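Notes to accompany the following structure.
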């Protein structure tokens with residue numbers, strides 16, 4: 002290496018505002034340059050140093066990739082803060098040591114392993130193309146095989162699908178099989194709906210759930226204590242006889258369990274389904290077909306492809322309407338009654354329904370909160386009094402109203418993560434109660450999260466896309482048979498319980514600098530909570546780390562991290578929550594507003610949503626101001642998939658420059674070429690990701706003040722669909 006380590010350390014220190022981050026990064030870089038176990042990555046590391054990629058080096062090496070709400074998940078790359086065979090291997094070894102401590106040294110351990118469809122192609126362009134890169138082409142199934150070899154080398158039996166079978170286990174099926182096979186744990190090699198260049202490893206307990214605090218901290222401690230990984234080749238692992246390939250009977254059992262939520266014979270709804278290149282065709286798709294529904298697949302998105310090429314922005318998340326655009330187009334063509342979608346590991350469900358009241362060919366995207374209320378209402382129809390619905394704190398309060406109106410009990414204040422819902426189920430299973438809620442496991446009809454996650458079967462302890470898809474499809478069929486619609490059913494819920502609007506505004510802040518900003522925002526609000534938001538007085542403030550609050554004493558550092566949640570109440574009908582994401586580099590802001598329905602449902606909803614959005618926008622501005630960032634209104638309205646730095650550049654430089662070009666007579670096509678050259682690389686489609694911000698500006702008084710109308714026409718062409 003031609004650049005001395007002293008220079009590397011100086012450059013990292015210059016870049017970082019946190020001395021300890023720079024020092025840790027320098028120490029880890031030196032270790033990776035010297036260690037034989039990292040020899041294959043050395044050319045890449047040396048090239049990053051030679052190129053002066055100090056931002057990339059700092060972010061890759063300043064910490065060990067932490068365990069979040071879903072295990073370890075992050076970009077594929079080199080360094081301890083990236084996902085690679087080394088980071089997964091140490092995680093697996095730590096998991097084995099944890100299981101040995103948990104069950105004792107003499108127990109014959111077994112695990113179930115799943116993997117998604119991902120393959121690393123460096124779409125972000127993080128590495129030079131002229132340097133050998135052992136990570137290129139790495140598939141999730143390859144990492145699963147590596148993990149299996151480590152488990153076997155440590156005397157642990159493995160149940161998995163053959164890596165070249167062409168079949169995959171959905172996340173909920175993994176949870177189901179851990180319980181069915183009596184395994185002691187499990188691993189899912191997946192990054193769910195993250196960018197194609199990400200991967201991850203999510204570990205499960207013998208209950209088919211993820212571990213909760215404080216027990217998850219023991220797992221973290223074991224991983225961090227790993228100094229050597231005991232492994233063997235895949236071929237040697239097979240020869241031991243400890244690798245057991247799963248037969249079709251297990252998949253059949255999972256499908257039968259999912260289909261157990263069906264209550265009648267109505268199957269009239271015509272359904273368009275997209276698996277968004279993931280494994281959902283093998284769970285949701287098969288369950289719908291076996292149940293007798295008419296299912297039409299989006300052909301361009303059906304192939305299992307971890308690059309997600311036919312999904313807009315390569316963001317295969319059913320929380321985003323953009324991911325369902327092709328499915329909606331097919332739904333319009335077929336005059337479908339329902340569009341459904343799953344993320345790559347099929348543990349989230351998204352839905353879109355026709356909205357003829359808005360106009361011919363119009364469709365309405367259903368939020369995760371709306372889906373939770375629809376599914377809850379369907380599940381509690383005719384249910385016995387005292388049945389139980391479970392939700393996280395950031396999930397809509399409308400869910401609680403629906404359940405309680407049906408005579409049900411609600412657990413409604415949980416931290417984010419399906420593992421906490423599973424924890425309630427475990428408490429009911431073993432103790433017959435959770436806090437003041439009494440009942441048995443059989444009383445649980447639904448667990449849900451606002452992020453399109455559902456848990457309906459008590460034989461599964463993680464999010465499942467199949468069971469809620471069946472409930473929604475059956476409900477749509479019943480409504481169709483009655484001459485009405487799913488949307489009408491939802492509007493009846495609003496009419497009965499109030500127009501509850503929930504607006505989420507995530508703000509992406511990547512890298513070591515971003516992490517510092519996220520922490521600083523939480524610290525600022527914790528130290529000096531605002532007394533007013535969007536013109537409304539804050540009537541109550543709750544810090545979920547408060548040991549005198551609802552969650553009691555902090556029991557571990559993992560518990561402290563999960564409880565980094567701040568809640569602001571602005572009277573009985575307005576609420577705001579801020580928390581860092583546990584799986585992605587972003588802070589999440591949730592606003593809820595309740596408006597009574599006294600006339601038209603849609604008018605009340607529009608009013609509630611406008612107030613919730615104003616509340617969220619005001620709070621985002623306040624949060625960013627606390628770390629010295631100011632965004633224009635147009636930048637605030639860009640896609641949440643864009644990072645904060647890109648949004649700021651759009652508002653401060655890109656949009657004004659484009660307007661200047663248009664006013665000076667530059668054509669729309671020329672401006673678009675400039676945009677493509679300048680921001681095209683942002684998220685793979687910078688024009689599309691900034692288009693919402695442009696549209697917001699276009700409707701503003703600032704745009705109206707542009708005297709040259711032909712300039713606005715040129716800008717419309719530049720940001721319009723092509």
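Numbering (this note's numbering), first residue to last: 2 to 723.
Yeah, the Cβ is synthetic: ideal placement off N, Cα and C, and Gly gets one too.
Predicted model only: the values in this text are computed from it and were never measured.
Please report how far the alpha carbon of residue i lies from the alpha carbon of residue j, in whole angstroms.
| i | j | result |
| --- | --- | --- |
| residue 308 | residue 461 | 28 Å |
| residue 42 | residue 416 | 38 Å |
| residue 734 | residue 596 | One cannot answer for residue 734 here, as it falls past the ends of the chain, which runs 2 to 723. |
| residue 192 | residue 709 | 48 Å |
| residue 123 | residue 74 | 16 Å |
| residue 1 | residue 705 | Outside the displayed range of the chain (2 to 723) lies residue 1, so it cannot be described from this structure. |
| residue 59 | residue 521 | 19 Å |
| residue 207 | residue 5 | 49 Å |
| residue 628 | residue 647 | 16 Å |
| residue 301 | residue 311 | 6 Å |
| residue 44 | residue 64 | 21 Å |
| residue 483 | residue 317 | 34 Å |
| residue 356 | residue 601 | 16 Å |
| residue 259 | residue 466 | 9 Å |
| residue 570 | residue 255 | 42 Å |
| residue 278 | residue 328 | 12 Å |
| residue 767 | residue 581 | Nothing can be reported for residue 767: it is not among the residues displayed for the chain, which extend from 2 to 723. |
| residue 303 | residue 641 | 26 Å |
What do you reckon, are the CB atoms on residue i and residue j nearer than 8 Å?
| i | j | result |
| --- | --- | --- |
| residue 457 | residue 262 | yes |
| residue 594 | residue 613 | yes |
| residue 296 | residue 486 | no |
| residue 182 | residue 204 | no |
| residue 132 | residue 48 | yes |
| residue 314 | residue 686 | yes |
| residue 215 | residue 559 | yes |
| residue 579 | residue 505 | no |
| residue 718 | residue 669 | yes |
| residue 404 | residue 379 | no |
| residue 346 | residue 171 | yes |
| residue 621 | residue 637 | yes |
| residue 527 | residue 567 | yes |
Give the secondary structure of residue i by DSSP, where H, G and I count as helix, E and B as strand, and everything else as coil.
| i | result |
| --- | --- |
| residue 680 | helix |
| residue 456 | strand |
| residue 639 | coil |
| residue 60 | helix |
| residue 427 | helix |
| residue 164 | coil |
| residue 434 | strand |
| residue 42 | helix |
| residue 502 | strand |
| residue 537 | strand |
| residue 706 | coil |
| residue 341 | strand |
| residue 84 | strand |
| residue 1 | Summary: the structure shown does not reach residue 1, with the chain confined to residues 2 through 723, and so no result is reported for it. |
| residue 447 | strand |
| residue 606 | helix |
| residue 330 | helix |
| residue 14 | helix |
| residue 520 | helix |
| residue 29 | helix |
| residue 297 | strand |
| residue 468 | helix |
Closer than 7 Å by C-beta to residue i: which residues in its own chain qualify, once you throw out the five before and the five after it? Chain order, please.
| i | result |
| --- | --- |
| residue 679 | 655 |
| residue 163 | 246 |
Who are the Cβ neighbours of residue i in its own chain at under 6 Å, not counting the five residues just before and after it?
| i | result |
| --- | --- |
| residue 402 | 498 |
| residue 227 | 91, 94 and 95 |
| residue 14 | 23 |
| residue 535 | 615, 616 and 619 |
| residue 664 | 709 and 712 |
| residue 662 | 672 |
Go through its chain and collect everything with a Cβ distance to residue i's Cβ below 8 Å, but skip five positions before and after it.
| i | result |
| --- | --- |
| residue 440 | 387, 388, 389, 410, 429, 433 and 434 |
| residue 359 | 365 |
| task | Specify whether the segment 326-335 and the segment 254-268 touch according to this definition: at least 3 beta carbon pairs, one from each stretch, less than 8 Å apart. | result | no
| request: Could you tell me whether the segment 481-497 touches the segment 567-587, where touching means 3 or more Cβ pairs closer than 8 Å? | output: no
| At least three beta-carbon pairs within less than 8 Å, the segment 5-25 to the segment 503-521 | yes
| field | Contact between the segment 348-365 and the segment 380-393 (3+ Cβ pairs under 8 Å) | value | no
| query | Is the segment 464-477 touching the segment 274-292 in the sense that three or more CB pairs, one from each, lie closer than 8 Å? | reply | yes
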